[in-house]
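Undergrad: As you go down the protein sequences, you meet chains F and P in turn. Reminder that position 65 of the first sequence reads as 65 in this note's numbering, one-by-one numbering, no gaps. Reminder that position 17 of the second sequence reads as 1017 in this note's numbering, one-by-one numbering, no gaps. The beta carbon of each residue, even a glycine, is placed where N, CA and C say it ideally should be.
Number of protein chains: 2
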Amino acid sequence: MAPTSETLTAARILEVTEEVLRRHGPAKATVVDVARALGVSHGSVYRHFRTKAALREAVTERWLDRTSASLSGIAAEGGRDPEARLRDWFTALFTAKRHKAGDDPELFATYMVLIGENSAVVDRHIADLTIQLTGIVQDGVERGVFASAAPATTARALFDATGRFHDPCYARDWEQPGIDAEFEAVVELVVRGLRA
Amino acid sequence: MAPTSETLTAARILEVTEEVLRRHGPAKATVVDVARALGVSHGSVYRHFRTKAALREAVTERWLDRTSASLSGIAAEGGRDPEARLRDWFTALFTAKRHKAGDDPELFATYMVLIGENSAVVDRHIADLTIQLTGIVQDGVERGVFASAAPATTARALFDATGRFHDPCYARDWEQPGIDAEFEAVVELVVRGLRA
DNA sequence: CGACTGACAGATATTGAAATCTGTCAGTCG
DNA sequence: CGACTGACAGATTTCAATATCTGTCAGTCG
């Protein structure tokens, strides 16, 4: 509760804003709330973030980047079988998104606000993930286990085809019983489609 | 404008309700509007449909069934190559949905209201389409051109994997320039995954 | 008798006035 | 000087009063 009396930094604002968003949700959280939690006036917050939208984006970007970072480990395991890595990557993506939606509903709602605003942060996140996928596909092509004339296009198709298991607009379905079987069926289908 | 003075039937109510929904949209259209357009009291409408939701569902069901019916022609062309039929079916589905969203925005919005209500009409529509797909897959398996241990599961996976091109939650993207290339890439991927 | 009406109760939507919030900036303070 | 404050204008949200709508049903009419 008692705010540290250190100098105000962008990092500290992000930290506190994330907590405020988690508590109040994107609909109720105000810049004044954030300032109060920091023990400063709201004018000080505007010194570090030009608008409320920019603050919301920065918090969500950090939150999304934590997912990207954890997946990049799998994508970069150069030694392992590309097909196994691809399956693990999709499984990890699905698991991560499902947890974000289930365990952190307010930040997930904030993420959906960004989608509604067509924020560049969302595009960047998708681009990040697609680049990771492209790496795995390319690796598979080089080893002769995958067939793809244009790995970036193929990666995008893989991402699109699995949207049901990572796109926020399907979040409601991720708790449904049959969803894991559906996931397996789609992954099986696209992996088969990728094999050389 | 001048309402026919025939007896009031469910069919006539549906006809007029569709027109009222098209004009006012699901947010503004009221049962009173429908009754006025029919030249009767709103009590008479309730004689044929128990609730406003039931009326909305019936109109949307008719509207969705027109799509299903046009696709079932392709699914049932027993003579043709299953792969070509599958590609044509997906193309026709994408085209139909895109036109519904673009040319009939108010009825499309009504459809999205039903989705929000978890209406059985939507489930039935998806089940209809999946059954058509299952038929094509099964046909391909029998001819030895497709590989599938469980055609119904595979059909569902095909439907899920192509969601970006028929699920209403993506309607905004259907006017974007790159969408046709994305569609081709996904269809290519899943068709390859289906081949024997 | 059976299709239809219209008044009605409770639920929902609309409206406009008051409260709060966003973003700015002149001024304070160390 | 530069980080911070707090009063301010305009935009947005809230809230309560008001109007409209949904769904029912006793009663009318052919």
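Mind listing, in chain order, the continuous beta strand (DSSP E) runs of no fewer than 3 residues lying wholly within the region 1132-1176 of chain P?
TA: If we require 3 residues or more, the region 1132-1176 of chain P turns out to have no beta strand (DSSP E) run fully inside it.
Undergrad: Within its chain, find whatever has a CB closer than 8 Å to the CB of leucine 71 of chain F; leave out the 5 residues flanking it on each side and keep chain order.
TA: Result list for leucine 71 of chain F: Trp89, Ala92, Leu93, Ala96, Leu129 and Gln132, in chain order.
Undergrad: What separation, rounded to the nearest whole angstrom, lies between the Cα atoms of serine 148 of chain F and threonine 134 of chain F?
TA: Cα-Cα distance, rounded: 10 Å.
Undergrad: Using CA coordinates, which residue listed in P/Trp1174, P/Arg1036, P/Gly1043 and P/Ala1109 is at the minimum distance from arginine 1056 of chain P?
TA: Arginine 1056 of chain P has its Cα closest to that of P/Ala1109, out of P/Trp1174, P/Arg1036, P/Gly1043 and P/Ala1109.
Undergrad: List, in chain order, every chain P residue whose beta-carbon is nearer than 8 Å to that of valine 190 of chain F.
TA: Under the 8 Å cutoff, chain P gives Ala1161, Leu1189, Val1190 and Gly1193.
Undergrad: With DSSP collapsed to three states, give me the class of arginine 1124 of chain P.
TA: Note: arginine 1124 of chain P maps to helix in three-state DSSP.
Undergrad: Can you list, in chain order, the residues of its chain whose CB lies under 8 Å from that of valine 186 of chain F, leaving out five sequence neighbours each side?
TA: Excluding positions up to five away in sequence, the list reads Ala161, Thr162, Arg164 and Phe165.
Undergrad: Quick one: grab the DSSP three-state call for alanine 2 of chain F.
TA: In this predicted model, alanine 2 of chain F has a pLDDT of only 37, less than 50, meaning its place in the structure is not dependable enough to derive any value.
Undergrad: In the region 1050-1107 of chain P, which residue ranges form an unbroken alpha helix (DSSP H) of at least 4 residues, counting only runs that do not cross its ends?
TA: Qualifying alpha helix (DSSP H) stretches, in chain order: 1052-1075 and 1082-1103.
Undergrad: When Cβ atoms are compared, which residues of the region 142-155 of chain F fall closer than 9 Å to chain P?
TA: Listed by position, the residues of the region 142-155 of chain F near chain P (Cβ gap below 9 Å) are Ala147, Ala150, Thr153 and Thr154.
Undergrad: Excluding the five sequence neighbours on either side, which residues of its own chain have a C-beta within less than 6 Å of the C-beta of aspartate 139 of chain F, listed in chain order?
TA: Result list for aspartate 139 of chain F: Pro82, in chain order.
Undergrad: Is valine 1113 of chain P close to chain F, meaning its C-beta is less than 8 Å from at least one C-beta of that chain?
TA: So, not an interface residue.
Undergrad: Within the same chain, show all residues whose beta-carbon is closer than 7 Å to that of alanine 209 of chain F, passing over the 5 residues directly before and after it, in chain order.
TA: What is shown of chain F runs 1 to 196, which leaves residue 209 of chain F out entirely.
Undergrad: Which runs of the beta strand (DSSP E) at least 3 residues long sit entirely within the region 1018-1046 of chain P? Give them in chain order.
TA: None, since the region 1018-1046 of chain P contains no complete beta strand (DSSP E) of that length.
Undergrad: Would you say glutamate 1182 of chain P and arginine 156 of chain F are within 8 Å of each other, going by their C-beta atoms?
TA: Result yes, Cβ atoms of glutamate 1182 of chain P and arginine 156 of chain F sit closer than 8 Å.
Undergrad: Hey, does valine 122 of chain F have any beta-carbon neighbour from chain P nearer than 8 Å?
TA: False, the Cβ-Cβ gap to chain P never drops below 8 Å.
Undergrad: Mind checking whether tryptophan 1174 of chain P and arginine 1087 of chain P have CB atoms under 8 Å apart?
TA: Not closer than 8 Å, so no.
Undergrad: What residue does the alpha helix (DSSP H) around alanine 1196 of chain P start on, and which one ends it?
TA: Looking at the DSSP string, alanine 1196 of chain P is not in any alpha helix (DSSP H), and its letter there is neither H nor E.
Undergrad: Taking a Cβ distance cut-off of 9 Å, strictly less, list which residues of the region 1009-1026 of chain P are near chain F, in chain order.
TA: Going along the region 1009-1026 of chain P in chain order, one finds no residue with a Cβ nearer than 9 Å to chain F.
Undergrad: Give me the Cβ distance between leucine 189 of chain F and valine 1190 of chain P, rounded to the nearest whole Å; I'm assuming they're in contact under 8 Å.
TA: Indeed they touch by this definition, with Cβ atoms about 6 Å apart.
Undergrad: My understanding is that valine 59 of chain F touches leucine 38 of chain F, with C-beta atoms under 8 Å, so please give their C-beta distance in whole angstroms.
TA: So it is not a contact: roughly 14 Å between Cβ atoms.
Undergrad: When you compare only the Cα positions, how much space is there between serine 68 of chain F and histidine 125 of chain F?
TA: Rounded to the nearest angstrom, the two C-alpha atoms are 8 Å apart.
Undergrad: Pull up the CB-CB distance for leucine 8 of chain F and valine 40 of chain F, whole angstroms please, since I reckon it's below 8 Å.
TA: Their Cβ separation, rounded to whole angstroms, is 6 Å, which keeps leucine 8 of chain F and valine 40 of chain F in contact under 8 Å.
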